[in-house]
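Student: Just so you know, the sequence shown maps onto residues 3 to 93 in this note's numbering.
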Amino acid sequence: MSLPAFLPRDNKKAISEYRCIYSCLGRIEEKLFKGDFEEVKLSIQDLYRSVNEIEKMNKRKENHDQMVEIVNILSSRGIHIELVLRPHETA
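Set out below in structure tokens:
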């Protein structure tokens with residue numbers, strides 16, 4: 003198993019989200035055995051939010067890596083990336 007990769011700017015937040023996930027898992031187990039189902043549900047919601055954040059950061063890294071790959075391909079073909087513009091959005 004390998005952990006998802008993140009952009010350097012997301013590393014601190016990713017670590018924080020992983021800590022939250024592990025904390026939620028422990029809290030879910032504890033509250034489940036105590037029969038505190040409302041607290042279990044709240045912890046599951048927190049867990050879900052943290053997993054979503056991890057997923058977003060991982061997707062950002064994947065998109066960045068794809069963009070870098072495209073830039074490298076264009077560059078190897080002699081196309082200057084500075085000349086490539088985003089299309090204008092129409093309202």
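Glycine residues also receive a C-beta, built at the ideal position from the N, C-alpha and C atoms. Quick caveat: nothing in here was measured; it's all calculated off a predicted structure.
Is the Cβ-Cβ distance between LEU44 and ILE23 less than 9 Å?
Tutor: In this structure, ILE23 does not lie closer than 9 Å to LEU44 by Cβ.
Student: What is the rounded straight-line gap between the Cα of VAL70 and the Cα of LYS14?
Tutor: When rounded, the distance between both Cα atoms is 23 Å.
Student: Would you call the segment 60-79 in contact with the segment 24-41, where contact means no fewer than 3 C-beta pairs closer than 8 Å?
Tutor: No, the segment 60-79 does not touch the segment 24-41.
Student: Roughly how many whole angstroms lie between the Cα atoms of ASN54 and PHE8?
Tutor: C-alpha separation (whole angstroms): 14 Å.
Student: Give the straight-line distance between the Cα atoms of SER52 and TYR20, rounded to the nearest whole angstrom.
Tutor: If I take the Cα positions, the gap works out to 7 Å.
Student: Roughly how many angstroms separate the alpha carbons of GLY37 and ILE17, rounded to a whole number?
Tutor: Cα-Cα distance, rounded: 30 Å.
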